[in-house]
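First up is the structure itself, then whatever we jot down about it.
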Amino acid sequence: MPELPEVESLRRSLVPHVVGQTIQSVEVHKPKLVSSKGTSRRPSSSKKKKFERGLTQETIKQIDRKAKNLIIHFESGKVLLIHLKMTGQLVYQEDGERLALGGHPIEVSEHELPNKHSHIIFELERGTLFYNDVRMFGYLLLYDSWDDLAAEQHFDNLGVDPLAEEFTLEHFRNGLKDRKAKLKTVLMNQEVVTGLGNIYADEACFAAGVRPDRACNSLSDEELAKLHAEIQRIIQTAVEQGGSSVANYIMADGSRGTYAREHKVYGRGGKECLVCGNQLAKTTMNNRTTVLCLHCQQ
Ligand SMILES: [Zn+2]
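Taking the numbering used here, I'd label the letters of the sequence shown as residues 11 to 308.
What follows is the structure, encoded as structure tokens:
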């Protein structure tokens with residue numbers, strides 16, 4: 011699943027190419043993707059028609075991101091919410107040249123476009139935007155206004171974005187100091203800080219020298235400050251590098267994200283710690299593989 015850096019990287023790649031363009035036509039081949047969200051949703055042919063008609067002749071005003079949601083604002087006030095979930099991917103091309111792309115998996119993007127996973131196709135003035143999705147857990151939901159989108163509570167209980175000014179040390183400390191839950195659990199549940207998945211939670215804990223299985227309320231002020239700073243540094247660096255190629259994410263220019271080269275613990279269970287040389291431990295937390303150094307992390 012794309013994590014925050016991959017989605018932010020995709021957003022930044024799309025903005026210069028598609029903002030200002032007017033959608034000429036939209037084809038939805040899998041109505042499920044535009045009907046609702048969740049695994050048990052039913053495809054709705056009326057929602058498919060509403061999506062196709064509702065976006066035709068709409069001009070893209072700006073593209074924002076909230077957690078891992080991409081939000082496309084149109085000049086008319088309409089809003090399109092896009093969540094790539096496990097295997098969604100957006101590719102924008104002009105005259106066969108891929109100018110912006112991101113998501114998962116890279117194999118699909120290497121095929122001709124459109125391909126059998128190109129379920130939604132937006133014809134813009136200068137090029138074509140493809141939404142490809144192998145497993146189809148993603149969703150694209152169109153709203154007449156921001157208020158209509160907000161009413162559906164997609165963002166309830168979402169914490170602060172690690173790239174936003176609101177992600178202050180005070181916010182972070184207040185979010186963690188009274189919780190007995192394990193640190194990694196809270197970092198990943200999105201309630202205090204959004205966008206940290208398995209990769210970046212492990213990397214942040216390692217960089218800060220704290221064990222991911224510590225109770226949140228056991229962290230000292232010093233440890234909280236270090237962790238807060240490392241989360242900002244790691245996410246910022248990952249966005250700049252286009253995310254982690256380890257899970258096949260791709261960048262705007264078609265190259266693979268290079269952040270995986272920076273991974274100190276993720277995917278390195280059993281290998282030597284790059285700091286102390288001891289063997290990295292591998293455990294399971296919340297059904298996810300967790301890698302840590304029992305020597306470097308307290
Ligand atoms: Zn170590």
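All C-beta atoms, glycine included, are put in the ideal place defined by N, C-alpha and C.
Sheet register partners of residue i (DSSP bridge)
i: Q103; result: R108, T138
i: F132; result: V36, L139
i: G113; result: Q99
i: Y149; result: H93
i: T3; result: Given a span of 11 to 308 for the chain in the structure shown, any question on residue 3 remains unanswerable.
i: I241; result: For I241, which the question treats as bridged, DSSP gives no partner whatsoever.
i: F84; result: I70
i: E282; result: Q289
i: V28; result: None; V28 has no bridge partner.
i: R75; result: L80
i: A225; result: K192
i: V203; result: V170
Residue of the options minimising C-alpha distance to residue i
i: Y149; options: L284, H83, S230, K78; result: K78
i: T294; options: E162, Q308, G277; result: G277
i: H127; options: D105, L152, L100, E107; result: L100
i: R136; options: L302, V17, G252, S35; result: S35
i: A110; options: V28, L284, D231; result: V28
i: E122; options: E107, L134, F132, R183; result: E107
i: Y153; options: M146, R51, H164, H305; result: H164
i: A363; options: G205, E240, N199; result: Residue 363 falls outside the range modelled here, since the chain spans only 11 to 308, and no answer is possible.
i: L134; options: R75, L24, L193; result: L24
i: T300; options: W156, K274, F177; result: K274
i: E62; options: L90, Y102, D212, D223; result: L90
i: V285; options: I244, C306, A225; result: C306
i: P124; options: L179, Q246, E175, E37; result: E37
i: M198; options: V249, S45, A211; result: A211
i: G30; options: S46, S45, Q67; result: Q67
i: L173; options: H238, P26, G280, S50; result: H238
i: L179; options: Q242, N296, H129; result: Q242
i: K192; options: N296, T247, K76, G207; result: N296
Alpha carbon of residue i to alpha carbon of residue j, nearest angstrom
i: S54; j: A160; result: 22 Å
i: L168; j: T97; result: 22 Å
i: G48; j: K95; result: 10 Å
i: A1; j: I209; result: Since the first residue of the chain shown is 11 and the last is 308, residue 1 is not available in this structure.
i: D143; j: Q289; result: 38 Å
i: N227; j: V220; result: 13 Å
i: K190; j: L65; result: 47 Å
i: I33; j: T69; result: 6 Å
i: L14; j: E282; result: 28 Å
i: T138; j: D105; result: 9 Å
i: K40; j: C303; result: 45 Å
i: D158; j: Q200; result: 23 Å
i: D340; j: L43; result: Since the first and last residues shown for the chain are 11 and 308, residue 340 lies out of range.
i: F156; j: K71; result: Here the sequence assigns Trp to residue 156, which means Phe is not the residue at that position. Near 13 Å, if we compare the C-alpha coordinates of K71 and W156.
i: I82; j: S19; result: 15 Å
i: A291; j: P222; result: 12 Å
i: F177; j: V203; result: 8 Å
i: S230; j: F216; result: 16 Å
i: Y141; j: H93; result: 11 Å
i: I245; j: G252; result: 10 Å
i: K194; j: L80; result: 25 Å
i: S255; j: R224; result: The pLDDT assigned to S255 is 43, lower than 50, so where the model puts this residue is not dependable; a value taken from the coordinates is nonetheless given after this. The alpha-carbon atoms of S255 and R224 are separated by roughly 29 Å.
i: L151; j: R52; result: 14 Å
i: E85; j: R21; result: 18 Å
i: S309; j: M11; result: As shown, the chain starts at 11 and ends at 308. That puts residue 309 outside it, with no answer to give.
i: V170; j: I131; result: 32 Å
i: V196; j: Q103; result: 39 Å
i: E162; j: G287; result: 50 Å
i: K59; j: S50; result: 21 Å
i: M146; j: G113; result: 13 Å
i: P26; j: Q308; result: 44 Å
i: S45; j: G205; result: 25 Å
i: V17; j: D188; result: 31 Å
i: G280; j: R298; result: 16 Å
i: Y259; j: A248; result: Confidence at Y259 is low in this model, with a pLDDT of 46, below 50, so the placement of that residue is unreliable and no value is reported for it.
i: H129; j: K76; result: 24 Å
Heavy atom of ligand 2 within 7 Å of residue i beta-carbon
i: S56; result: Ligand 2 is not part of this structure, which contains only ligand 1.
Min CB distance residue i to chain C below 8 Å
i: Y149; result: Going by chain labels, chain C is absent from the structure shown, which holds only one protein chain.
| Which residues, in chain order, sit with a beta-carbon under 6 Å away from any heavy atom of ligand 1? | Those satisfying the condition are, in chain order, C283, V285, C286, N288, C303, H305, C306.
| said: Measuring CB atoms only, is the region 230-237 touching the region 178-193, in the sense that at least three cross pairs come out at less than 8 Å? | reply: The region 230-237, when compared against the region 178-193, does touch it at the 8 Å Cβ threshold.
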